[in-house]
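Structure first, then comments.
Below is the structure:
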């Protein structure tokens, strides 16, 4: 996470992208609970084609992929297609949600990995459970 000195008074600008029900609001609420860092969070279900050229102020873009919603893969692909190299390599990550609901998955981790690898093998991925607390698996990063 990017930490910014409090003296700048400029918030860390985050854009959360994902289909309805993917956990954007839940993640935003959790980030806003942090008292040490000042966040400004925006959400979107889909992106306009040139969004990355017009949003140079964003510090980070998190794409939420809901394992129970196949449309999440389309949102991820759309975002990766339109991301500039600068955002893709320095300011983007994928947050894979509902990993605890394996019996309801409509896509596989392999589907996500293939999609990401088409654009960059180095994109950070985080696996999270936003609905059910399982401390040992709540947040897990994949290199």
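In this note's numbering, the protein residues as written are 6 to 148. Idealized CB from N, CA, C, for every residue including glycine. Computed from a predicted model, the values in this text were never measured in an experiment.
Bridge partners of residue 62 according to DSSP: none are assigned.
The residue among 122, 15, 113 and 124 with its C-alpha nearest the C-alpha of residue 77 is 113. One alpha carbon belongs to residue 107, the other to residue 27, and they sit about 15 Å apart.
The beta-bridge partner set that DSSP reports for residue 129 consists of 98. Residue 68 is a Cβ neighbour of residue 97, given a cutoff of 8 Å.
Setting aside the 5 residues that flank it on each side, residue 111 is surrounded in the same chain by 72, 73, 74 and 75, each with a C-beta closer than 8 Å to its C-beta; the list follows chain order. DSSP, read as helix, strand or coil, puts residue 36 in helix.
Per the Cβ contact rule, the region 25–44 is not in contact with the region 84–98 (fewer than 3 Cβ pairs under 8 Å). The Cβ neighbour count for residue 16, taken over all protein chains shown within 10 Å, is under 16; the residue is labelled exposed. Here DSSP, grouped into helix, strand and coil, assigns residue 25 to coil. Assigned with DSSP and collapsed to three states, residue 93 falls in helix.
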